[in-house]
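I have placed the structure first, in the form of structure tokens, so that the comments after it can refer back to it.
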Amino acid sequence: MISVDASRVVELALSLGAEYAEVREERLIKTEIAGSDEINVSTRYTGGFGVRVLVNGSWGFASVNSPGDLEWAVRKAVGLAKVSGGDVKLAEVKPIRDYVRSRMKVKPSEVSLEEKVEAVKELLNDLPEAPRKTVKYSDFSGIKRLVTSEAKLLASQASSSGVTSGSSSRMQRALEGS
113 MISVDASRVV ELALSLGAEY AEVREERLIK TEIAGSDEIN VSTRYTGGFG VRVLVNGSWG
173 FASVNSPGDL EWAVRKAVGL AKVSGGDVKL AEVKPIRDYV RSRMKVKPSE VSLEEKVEAV
233 KELLNDLPEA PRKTVKYSDF SGIKRLVTSE AKLLASQASS SGVTSGSSSR MQRALEGS
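Per this note's numbering, the sequence shown starts with residue 113, numbered consecutively.
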């Protein structure tokens, strides 16, 4: 779950001179399965934060992977905006709060790793015979969140999956007797 008080981060940016600030957060779990002669599986957690500020008509941005580095990111973004020139003016917008759910009927996170590996093996077996066959599966799921100084909070579920496959054969020439 999200463990960062993004409104505190936005408040810090405003106290340092930003007229607008936003914090974007992304937390994903990614799975990759590659099959050819053997099946290789990797699962990893990824994520991070982006801080964008507007100071005196100029944008500044910094990103970090760790919540503990958010204060540094705010100071960096504000500092970058202060040394740049600009004349950006923001349009007036109404505050909103929303949570967008994925429309996927079956999310990748709801399918066991064993089922995914078995699907890769089946696809590999279904490919035509060839010296080299590969199947690659990847998916991710998680959450993305945006908090702004204009009282906006947008959160969404993020999910995607995909498969690629192929086979190839190489023509070999017998060099015997040539």
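For each residue, glycine too, the CB sits at the ideal point set by N, CA and C.
Judged by their CB atoms, D251 and S272 are nearer to each other than the 8 Å cut-off.
With contact defined as three or more Cβ pairs closer than 8 Å, the segment 161–180 and the segment 124–143 are in contact. DSSP places S170 in the uninterrupted beta strand (DSSP E) bounded by 170–176.
Collapsing the DSSP output to three states places G180 in a helix. Going by DSSP, D210 is part of the beta strand (DSSP E) stretching over 209–212.
Taking each of S214, D210, E138, V163 in turn and checking the Cα distance to A193, the smallest one comes out for V163. At a cut-off of 3 residues, the continuous stretches assigned as beta strand (DSSP E) that sit fully inside the segment 203–266 are 209–212, 244–260. Under DSSP, no beta-bridge partner is assigned to R120.
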